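Colleague: Counting with UniProt numbering, you get residues 1 to 546 for the letters of the sequence shown.
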Amino acid sequence: MTSPALSWAQSSPTQGNPIDTLPKVDTSRPPEQKIQVQVQRPNPALENLLATHLTPTKFQIEGVKTLPFPEIAAHFAPLAGHDVTVAQLLQAANDVTKLYADRGFPLSFAFVPAQTFEGGVVRITVVEGYVARMRIEGTPGPLEGRLREISQRLMDEKPLRKETFERVTGVLALQPGVQITATVQPPTTTDGASELVLNVKRQPYTIGTGVEYRSPGVRAVITGTLNSVTPLGEQITVSTLQPRGPDHETFYSATWAQPIGTDGLLAKLTWSHYRGMPENLPLEQLGYQSRYLTDTQRLGLSLSYPVLLSNTRSLTVTGTFYGNDDKQQYSPQDITLPQAELDTKVRVAGAEAVYTEVNPGETRRASVGVYQGISGLGAGKSASPKAQNNVDLGFLRTRITASEAHDLPLGFGIVVSGAAQYSGAVLPSSEQISFGGRFFGLAYPAGEVAGDRGWGASVELNRVFPVSMEYLKTVQPYVLYDTAKVYSNAGTLVHDQLGSIALGVRFSDRKYYTLDLAIARPVGDKPINTSSRSLRFTAAYTYQFN
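1) So within the stretch 243-314, which uninterrupted beta strand (DSSP E) runs reach at least 3 residues, ignoring any that extend past its ends?
2) Assess contact between the stretch 202-211 and the stretch 112-123, defined as three or more Cβ pairs (one per stretch) separated by less than 8 Å. Is contact present?
3) Since I believe E357 is in contact with R291 (beta carbons under 8 Å), could you give me their beta-carbon distance rounded to a whole number of angstroms?
4) Which residues bound the alpha helix (DSSP H) around G350?
5) Between L480 and V486, which are expected to be in contact by the criterion C-beta below 8 Å, what is the C-beta distance as a whole number of angstroms?
6) Would Q100 pass as a contact of A193 if the rule is Cβ separation under 9 Å?
7) Hey, would you say G454 sits closer than 9 Å to A420, going by beta carbons?
8) Tell me the rounded alpha-carbon separation between P527 and Q285.
9) Per DSSP, what are the beta-bridge partners of Y422 in this structure?
10) Closer than 8 Å is the cut-off here; do at least three beta carbon pairs connect the stretch 69-86 with the stretch 16-25?
11) Grouping DSSP H, G and I as helix and E and B as strand, with all else coil, what is A450?
12) Distance, Cα to Cα, R536 vs A520?
13) Bridge partners of I53, per DSSP?
14) Leaving out five residues before and five after V122 in sequence, what residues of the same chain have Cβ atoms less than 6 Å from its Cβ?
15) Applying the criterion that 16 or more other CB atoms from any shown protein chain within 10 Å of the CB defines a buried residue, is D482 buried or exposed?
16) Applying the 10 Å Cβ sphere with the 16-neighbour rule, what's the burial state of D325?
17) Does the count of Cβ pairs from the stretch 242-258 and the stretch 453-472 closer than 8 Å reach three?
18) With a threshold of 8 Å, are at least 3 pairs of Cβ atoms found where one atom belongs to the stretch 341-354 and the other to the stretch 419-434?
19) For F76, collect the residues of the same chain with a Cβ closer than 6 Å to its Cβ; drop the 5 residues on either side in sequence, then sort them by chain order.
20) DSSP three-state call for Q33: helix, strand or coil?
21) Per DSSP, P522 forms a beta bridge with which residues?
22) For P409, which option in N462, T188 and G319 has the closest C-alpha, if you only look at C-alpha atoms?
23) Give me the Cα-Cα distance between F545 and D509, rounded to the nearest whole angstrom.
24) Can you tell me where the alpha helix (DSSP H) holding K162 begins and where it ends?
25) Count the CB pairs spanning the stretch 369-382 and the stretch 345-354 that are closer than 8 Å, and state whether there are at least three.
26) Taking a contact to mean a Cβ-Cβ separation below 9 Å, would you say Q258 touches Q235 in this structure?
27) Could you tell me whether the Cβ of A540 comes closer than 9 Å to any Cβ of chain D?
28) Mapping the DSSP letters down to three states, classify R133 as helix, strand or coil.
29) Whole angstroms are fine: how far does the CA of S532 sit from the CA of G378?
30) Give every residue of the same chain whose Cβ lies closer than 6 Å to the Cβ of T164, excluding the five residues on either side of it in the sequence, and list them in chain order.
31) Here's a check: name, in chain order, each residue in its chain whose Cβ is nearer than 6 Å to the Cβ of K327, leaving out the five neighbours to either side.
32) By the three-class DSSP mapping on this structure, what secondary structure does A101 have?
33) How about Y213 and A443: are their beta carbons less than 9 Å apart?
34) Which residue comes first and which comes last in the beta strand (DSSP E) that contains P477?
35) Under three-state DSSP, which class holds I335?
36) CB-CB under 6 Å to S151, same chain, minus the five flanking residues each way: which ones, in chain order?
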């Protein structure tokens with residue numbers, strides 16, 4: 001038994017973390033948790049006299065405190081002593097307003113007040129705007145006090161800077177279970193005082209599901225979330241997998257997310273437990289039954305902070321520590337022989353960074369993570385007498401992901417994505433990178449291949465068709481090509497290359513659900529548990545009940 005077990009560990013197909021294969025619940029809803037800022041400026045009182053002529057002899061500019069006065073005066077000095085119209089004066093004032101905006105002061109502006117222009121004297125008023133008051137409308141619930149604490153930073157800055165405004169409103173948008181529209185009324189007095197109005201719609205709980213159909217059956221992850229039950233702004237999420245299906249799977253997870261302070265710092269505690277009996281037909285060639293038991297428990301703690309947070313870009317860094325206990329049992333076809341059992345307990349410290357950029361017609365996202373295995377703190381490995389566990393507990397691995405989406409003419413769009421991992425160690429299965437399913441292997445089962453090192457890439461061309469129906473708003477057909485390859489540091493894999501060509505279509509009401517149907521053909525290695533490259537039908541459905 002020892003030789004077959006060793007041969008299997010080094011050269012046979014390997015399957016990675018089973019949790020990575022579970023259906024995903026789409027929690028993103030475009031209208032929710034997004035700050036919409038509306039800043040309106042008053043119309044100057046002299047707009048009805050635009051064609052009136054005058055010859056300015058002197059400009060009296062008042063209210064300039066932040067920008068250098070000569071820069072402001074330079075916009076009006078060329079007009080002195082010349083025949084000009086009121087429209088030209090207003091244009092010069094608008095140029096000053098643009099200067100303030102370009103320097104990052106969104107509430108500041110210049111205008112020409114009502115006056116007689118007696119003696120050719122022209123008065124120009126500059127208003128350096130700031131938030132003096134805040135009003136909360138709607139149903140903030142227990143979060144009202146926290147929303148006020150976060151917004152206080154806006155009222156502490158005079159004049160208000162765009163960078164501060166976007167960061168604070170971005171932090172407001174991160175608060176769980178609330179949809180916020182922020183409106184800043186323009187200053188109505190020359191001291192620049194303005195009012196911030198937060199219209200809040202609270203959603204104390206959410207229920208969602210992600211359903212996938214893949215041969216041989218249907219799997220669904222159901223997720224329930226409690227949002228901000230107390231003034232602390234916490235979020236509690238629990239998930240389970242139903243039905244158990246042919247792999248006899250059970251999965252439970254729970255997450256507690258707790259904001260700390262008022263600048264976006266977030267602590268998160270996660271726990272999950274998965275148990276199942278997946279099928280791996282090549283095990284039969286080694287004298288084992290094709291189904292084996294895998295049991296994985298994970299407990300993790302992370303602390304994340306948005307280093308950059310604006311209307312178009314964000315950069316979040318995260319420090320994490322987690323432990324993963326994994327057990328696998330393989331039953332020999334000869335029932336008189338003992339089972340082969342592998343136990344691995346890993347302890348990992350990691351650092352991650354995620355960058356997102358959203359502009360009209362394009363979206364970019366990239367992430368990088370570095371993870372170091374720790375040999376102490378309860379980490380360990382063991383194997384039954386007839387098996388061998390040769391994983392490295394003190395591993396180092398690096399993973400990167402990237403995606404970019406662009407709108408093309410005529411309603412078309414293109415999405416390019418990639419992911420890669422590198423490690424020089426023999427990794428536990430929970431730390432390997434796996435491909436298959438919607439992660440760079442659409443024509444294969446999720447988690448089809450896994451390795452210590454690997455890469456995957458895909459390109460998709462799509463076209464969005466708007467639909468004016470109550471329960472259907474968009475139809476998006478697409479064509480996709482993906483490919484992936486994995487490597488093992490323990491030996492050569494006999495199944496390591498995936499490739500798919502797929503045609504699909506997505507349906508959505510842009511509020512509650514998304515349905516994704518696809519037909520894909522394998523063009524890489526043959527799938528593990530089949531003997532041909534036949535077409536594969538997949539369906540993924542996500543729904544938010546509220």
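Ideal Cβ positions, reconstructed from N, Cα and C, are used throughout, including at glycine. Nothing here was measured: the structure is a model prediction, and the numbers come from that model.
Modeller: In terms of the structure at hand:
1) 250-260, 265-276 and 293-309
2) no
3) At roughly 45 Å, the Cβ-Cβ gap does not stay under 8 Å, so R291 and E357 are not in contact.
4) Note, G350: premise wrong, no alpha helix (DSSP H); beta strand (DSSP E) at A340 to N359.
5) At roughly 20 Å, the Cβ-Cβ gap does not stay under 8 Å, so L480 and V486 are not in contact.
6) Just to set this straight, residue 100 is Tyr in the shown sequence, not Gln. Their beta carbons are not under 9 Å apart, which means Y100 does not touch A193 by this criterion.
7) yes
8) 16 Å
9) T398
10) no
11) strand
12) 5 Å
13) The amino acid at residue 53 is misidentified as Ile; the sequence shows His. Answer is T85.
14) P56 and F59
15) buried
16) buried
17) no
18) yes
19) F59 and A92
20) For Q33, the predicted structure reports a pLDDT of 40, less than 50, and the residue's modelled location is therefore unreliable. The matter cannot be settled from this model.
21) S500
22) N462
23) 13 Å
24) K162 to A173
25) yes
26) yes
27) Absent from the structure is chain D; it holds one protein chain and no more.
28) strand
29) 44 Å
30) E157
31) D295 and D343
32) helix
33) no
34) T474 to Y487
35) coil
36) M134
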